[in-house]
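Structure record follows, encoded as structure tokens.
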Amino acid sequence: MSDPYKVLGISPDATDEQVKSAYRELAKKYHPDNYADSPLADLAAEKMKEVNEAYDEIMAQRKQRASGGYNNSGSSYNGGYRRSSNFSDVRHLIMVGRMADAEQILNGVPTASRDGEWYFLKGTVLMRKGWLEEAYNHFSTACNMDPGNAEYRAALNQVQAQRSGAYGGYNTTRQANTGCNACDMCSSLICADCCCECMGGDLISCC
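Numbering (the numbering used here), first residue to last: 219 to 425.
Put into structure tokens, the structure is as follows:
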């Protein structure tokens, strides 16, 4: 998705009321009733969809910012994880469960432009699809490209645990006396929080 503020024709510094006002004006302009039996009906419907998505995206970002999810530079922080805004549209699509759309955008990024966040998000999509080996490889690449990123590391730890059967994965042979210890519990909570929080939700709402 393009810049949601540009879609609404407003500045990122616009107040919430200005955002709502701009949305209402565009919604009124592109309302389907205005294009009944018009050859522009399909075009107006597409524009209306774009306006709705832009408004939803802006309000979601502001809600997260109000709860402390964003710093002033536009990068998002939560629970010690740094979140780049380079793929905010992809993160939003993953958050709402639109994996095919998210993957389509990711696949369109040239190989030379794929950074650590690209591999992390691609790995997240693959993990949601159950492709654990591919997800593990992508998370590993993300960690290698940005070793200090806790978000990527937590995702790698989670998929590694799933591959080993720690969460009931495909490795069903478990060692005796491999009970859960405090570190395992902590790691599990961090990973679960990563999967929810990195997409803009929270652990409780995702569970």
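The beta-carbon is built from N, C-alpha and C at its ideal position, and this holds for glycine as well.
Distance check for residue j and residue i, CA to CA, integer angstroms please.
i           : j           : result
residue 255 : residue 325 : 37 angstroms
residue 277 : residue 339 : 22 angstroms
residue 310 : residue 220 : 13 angstroms
residue 330 : residue 234 : 38 angstroms
residue 247 : residue 237 : 15 angstroms
residue 360 : residue 281 : 28 angstroms
residue 350 : residue 380 : 8 angstroms
residue 368 : residue 377 : 14 angstroms
residue 268 : residue 341 : 27 angstroms
So residue i and residue j are in contact, right, with Cβ under 8 angstroms, and what is the actual spacing, rounded?
i           : j           : result
residue 226 : residue 241 : 6 angstroms
residue 313 : residue 343 : With a Cβ gap of about 12 angstroms, residue 313 and residue 343 do not count as contacting.
residue 253 : residue 259 : 4 angstroms
Where do the ends of the alpha helix (DSSP H) carrying residue i lie?
i           : result
residue 339 : 334-346
residue 283 : 259-284
residue 358 : 350-363
residue 325 : 317-325
residue 234 : 234-247
residue 427 : Within the shown structure, residues of the chain are numbered from 219 to 425, placing residue 427 beyond reach of any answer.
residue 375 : 368-381
residue 253 : Counting along the chain, residue 253 falls outside any alpha helix (DSSP H), and DSSP gives it neither H nor E.
residue 222 : 222-226
CB-CB under 6 angstroms to residue i, same chain, minus the five flanking residues each way: which ones, in chain order?
i           : result
residue 231 : none
residue 222 : 272, 275, 276
residue 337 : 356, 359, 360
residue 323 : 308
Which same chain residues, not among the five before or five after residue i, have their C-beta less than 8 angstroms away from its C-beta?
i           : result
residue 363 : 333, 334, 337
Sorted by chain position, which residues of the same chain lie with C-beta nearer than 7 angstroms to residue i's C-beta, five sequence neighbours on each side aside?
i           : result
residue 370 : 334, 338, 357, 360, 361, 364
residue 265 : 248
residue 327 : 336
residue 224 : none
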